[in-house]
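Enquirer:
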Amino acid sequence: MSIHPRTQTLARRHSPLSDTFFQLEVLNGRAVTDVKVPLFAETIRQAGYADGVLMPTRIEIFQVNVGKLCNQTCAHCHVDAGPDRKRENMSKETFDQCLEVLRRYDIPTVDITGGAPEMNPHFRWFVEECRALGKHIMDRCNLTILLAHERYRDLPQFFAQHQVEIVSSLPHYNARRTDSQRGDGVFEASIEALRLLNEVGYGQPDSGLKINLVYNPTGTFLPGNQGALEREFKAQLQRRYGVVFNHLYAITNMPISRFLDYLLESGQYETYMQTLLDAFNPAAVAGVMCRNTISVSWEGYLYDCDFNQMLDLKVDAPCTHIRDFDLQTLEQRCIVLNQHCYGCTAGAGSSCGGQVA
Amino acid sequence: MSKKRYFDPEDLKKFGQISEWQKPMADKFFAWYGEVFKEGALTEREKALIALAVAHTVQCPYCIDAYTTTCLEKGADEEQMMEAVHVAAAIRAGSSLVFSTQMMNHAKEMTM
Chain A
1 MSIHPRTQTL ARRHSPLSDT FFQLEVLNGR AVTDVKVPLF AETIRQAGYA DGVLMPTRIE
61 IFQVNVGKLC NQTCAHCHVD AGPDRKRENM SKETFDQCLE VLRRYDIPTV DITGGAPEMN
121 PHFRWFVEEC RALGKHIMDR CNLTILLAHE RYRDLPQFFA QHQVEIVSSL PHYNARRTDS
181 QRGDGVFEAS IEALRLLNEV GYGQPDSGLK INLVYNPTGT FLPGNQGALE REFKAQLQRR
241 YGVVFNHLYA ITNMPISRFL DYLLESGQYE TYMQTLLDAF NPAAVAGVMC RNTISVSWEG
301 YLYDCDFNQM LDLKVDAPCT HIRDFDLQTL EQRCIVLNQH CYGCTAGAGS SCGGQVA
Chain B
1001 MSKKRYFDPE DLKKFGQISE WQKPMADKFF AWYGEVFKEG ALTEREKALI ALAVAHTVQC
1061 PYCIDAYTTT CLEKGADEEQ MMEAVHVAAA IRAGSSLVFS TQMMNHAKEM TM
């Protein structure tokens, strides 16, 4: 069972979009396109957020992006992850600094993402250390990694042993829809991986082991109602493949990185930005993930969310690196906003945990 | 206002403007329309697929664009959407063919 990407990373293609500054220029209508969307900060000011400022509530989720290395190259990836991103991997020293912060502060959840985080050589050790600190661990697992190499085959047992909550992308119960976004063969491998996770108890009633799936549109449309999609996915995956899962998180595609490249290449950038703007929902602003999350990069820099991380928009606070982490200071920061933020406030809103409004 | 062509996709965005010339009726229509497409005994996805099929029968380009998008949003895939259109097409074809029974009756009366 092998997978074949339909695209390459922007980095490998030497695309100008692999430069985060260039992406921000595009989003602000100063490069490639002159499409100007109203400033996000101004839009939320009109929605009642004084001075267009968004503040955190409380940091409850410590999201660690351990690197850009991945066995897949998905067409919409906001990380520009792929098999060629071998250099960008979190070091043991930076993991140690993360653990020091987790020891010091009562932040209950550690959300591990990538790339394929399991490919980082320190992944299992980090999970064990976090568990020893009593943290709840989420792993954003792409499923196919479980079948990518012999050394990953026992991951389901490892996850179960440490009660790791698994969050996995599966954009559709239809193979063609899934493979069009994630690469040929990904659907079949994902179903096989789901079976392996189900076998050790994931998604089974009363096991306490949670596997949540992430739905995101395989194109330029917005996700429909999360609850209705979840019911449909559960019925179809059970009927067609006999696999089960706990919840479906519907996430909107963010107009950055490879999805931005797709929008520009297909001539749909303007239409998509207008779709996001038309669907702006003031009620979704309150629940966006940057309000209760801090995001750490493989190099240890701090961001409001994984999307700001990928645009290299560091936190607006005196401490911008994990070695200087100070919870009180960070909880008083203003969240860094830019035009991509419309992606999290469209329709029912979007976060790493799905819809928010 | 376009004078050169019918069916400008941009006109779909103006649908709400029909209330400018007859508000009470338009308000009732849009309220009813919204209610129709809410999840009920049928799911939103099923209703979107029915709408897509009907759109092909009434050959409304606006409706085809709108319900292609809605079907995708509601999680329908290409197979489901094409099957829905085949249902519409089959009824259209069948509704022509079934009249051939009249042709047959009439021809039988007239021939030896």
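Quick note, the sequences are listed as chains A and B, same order.
The working numbering applies: residue 1 is where the first sequence begins, and numbers increase by one.
The working numbering applies: residue 1001 is where the second sequence begins, and numbers increase by one.
C-beta atoms are modelled at their ideal positions from N, C-alpha and C, and glycine is treated no differently.
Just so it is clear, the structure is predicted and the values come from calculations on it, not from any experiment.
Kindly indicate which residue of B:Ala1089, B:Gln1017, B:Met1104 and B:Ala1026 has the alpha-carbon position closest to the one of B:Met1059.
Expert: According to the sequence as given, residue 1059 of chain B is Gln; it is not Met. Checking every option, the nearest Cα to that of B:Gln1059 belongs to B:Ala1089.
Enquirer: Quick one: is B:Glu1078 buried, meaning 16 or more other Cβ sit within 10 Å of its Cβ, or exposed?
Expert: Exposed, since its Cβ has fewer than 16 Cβ neighbours within 10 Å.
Enquirer: Could you work out which residue in A:Phe40, A:Lys36, A:Arg58 and A:Ser2 is closest to A:Gln332 when comparing CA atoms only?
Expert: Of the listed residues, the one whose Cα sits closest to A:Gln332 is A:Arg58.
Enquirer: Can you give me the start and stop residues for the beta strand (DSSP E) that A:Ser295 sits inside?
Expert: Its beta strand (DSSP E) spans residues Thr293 to Val296.
Enquirer: In angstroms, rounded to a whole number, what distance separates the CA positions of A:Cys341 and B:Ala1093?
Expert: Taking the straight line joining both Cα atoms gives about 49 Å.
Enquirer: Use the C-beta contact count for B:Met1110: other C-beta atoms within 10 angstroms, 16 or more gives buried, fewer gives exposed.
Expert: Result: exposed.
Enquirer: Does the separation of the CB atoms of A:Gly349 and A:Val296 fall below 8 Å?
Expert: The answer is no: Cβ separation not under 8 Å.
Enquirer: In chain order, what are the residue ranges of uninterrupted alpha helix (DSSP H) at least 4 long that sit wholly in the segment 266 to 318 of chain A?
Expert: As far as the segment 266 to 318 of chain A is concerned, its whole alpha helix (DSSP H) runs of at least 4 residues are 269 to 278, 282 to 285 and 306 to 310.
Enquirer: Identify the continuous beta strand (DSSP E) that holds A:Asn212 and give its terminal residues.
Expert: Ile211 to Tyr215 is the extent of the beta strand (DSSP E) around A:Asn212.
Enquirer: Of all the CB atoms in chain A, is at least one closer than 8 Å to the CB of B:Leu1052?
Expert: Not an interface residue.
Enquirer: Just the chain A side, please: which residues come within less than 7 Å of B:Gly1034 by C-beta, in chain order?
Expert: None at all; the shortest Cβ gap to chain A is about 14 Å.
Enquirer: According to DSSP, which residues form a beta bridge with A:Ser351?
Expert: A:Ser351 pairs with A:Gly354.
Enquirer: State the beta-bridge partners of A:Asp324 as determined by DSSP.
Expert: Partner(s): none; A:Asp324 has no beta bridge.
Enquirer: Measure the CB-CB distance between A:Gly115 and A:Arg85 and report whether it falls below 8 Å.
Expert: Yes, Cβ-Cβ distance for A:Gly115 and A:Arg85 is below 8 Å.
Enquirer: Tell me, to the nearest whole angstrom, how far the beta carbon of A:Leu440 is from that of A:Ser266; I am working on the premise that it is less than 8 Å.
Expert: In the structure as shown, chain A begins at 1 and stops at 357. Residue 440 of chain A is therefore absent and cannot be evaluated.
Enquirer: So, with DSSP's three-state summary, where would you put B:Asn1105?
Expert: In this structure, B:Asn1105 counts as helix in the three-state DSSP scheme.
Enquirer: With DSSP as the reference, label B:Tyr1006 as helix, strand or coil.
Expert: Note: B:Tyr1006 maps to coil in three-state DSSP.
Enquirer: Indicate whether at least one CB of chain A lies closer than 8 Å to the CB of B:Lys1047.
Expert: So, not an interface residue.
Enquirer: May I have the straight-line CA-CA distance separating A:Gly52 from A:Gly224, to the nearest angstrom?
Expert: Their backbone Cα atoms lie some 28 Å apart in a straight line.
Enquirer: Within the segment 109 to 159 of chain A, note down every full alpha helix (DSSP H) run reaching 4 residues or more, in order along the chain.
Expert: Taking only runs of at least 4 residues, the alpha helix (DSSP H) segments lying wholly in the segment 109 to 159 of chain A are 123 to 132.
Enquirer: Answer with yes or no whether the minimum CB distance from A:His172 to chain B is below 8 Å.
Expert: For A:His172, the answer is yes, since a Cβ of chain B falls inside 8 Å of its Cβ.
Enquirer: Determine, using beta carbons only, whether A:Val214 and A:Val167 come nearer to each other than 8 Å.
Expert: Yes, the Cβ-Cβ distance between A:Val214 and A:Val167 is below 8 Å.
Enquirer: Which runs of the alpha helix (DSSP H) at least 4 residues long sit entirely within the segment 1013 to 1069 of chain B? Give them in chain order.
Expert: Listed in chain order, they are 1023 to 1036 and 1044 to 1058.
Enquirer: Which residues mark the beginning and the end of the alpha helix (DSSP H) in which A:Val186 is found?
Expert: It spans Val186 to Glu199 - the alpha helix (DSSP H) in which A:Val186 sits, taken as one unbroken run.
Enquirer: Is it right to say A:Thr94 is buried, meaning 16 or more other beta carbons lie within 10 angstroms of its own, or is it exposed?
Expert: Buried, by the Cβ-count rule.
Enquirer: Mapping DSSP to helix, strand and coil, what is A:Cys70?
Expert: It is coil, neither helix nor strand.
Enquirer: Please report the straight-line C-alpha distance between B:Asp1027 and B:Phe1037, rounded to a whole angstrom.
Expert: C-alpha separation (whole angstroms): 16 Å.
Enquirer: Where does A:Gly343 fall in DSSP's three states?
Expert: In this structure, A:Gly343 counts as helix in the three-state DSSP scheme.
Enquirer: Taking all protein chains shown into account, decide if A:Asn71 is buried (16 or more other Cβ within 10 angstroms of its Cβ) or exposed.
Expert: A:Asn71 should be labelled buried.
Enquirer: Does A:Arg151 have its Cβ less than 8 Å from a Cβ in chain B?
Expert: Not closer than 8 Å to any Cβ of chain B, the Cβ of A:Arg151 fails to qualify, so no.
Enquirer: Taking the CB atoms as reference points, tell me whether A:Ala31 and A:Phe40 lie closer together than 8 Å.
Expert: Not a contact, by the Cβ cut-off of 8 Å.
Enquirer: Consider the Cβ of A:Pro217: report whether some Cβ of chain B lies at a distance smaller than 8 Å.
Expert: Output row for A:Pro217: interface = yes.
Enquirer: Under a Cβ-count criterion, where at least 16 other Cβ atoms within 10 Å of its own Cβ denotes burial, should A:Trp298 be classed as buried or exposed?
Expert: Buried is the call here.
Enquirer: Determine the extent of the alpha helix (DSSP H) in which A:Gln236 is found, giving its start and end residues.
Expert: Element bounds for A:Gln236: Gln226 to Tyr241.
Enquirer: Just mark B:His1056 as buried or exposed, buried being the case when its beta carbon has 16 or more other beta carbons within 10 Å.
Expert: Buried.
Enquirer: Beta-carbon within less than 7 Å of A:Leu24's beta-carbon, same chain only, minus the 5 sequence neighbours each way: which residues are those?
Expert: Cβ within range, chain order: Leu311 and Asn338.
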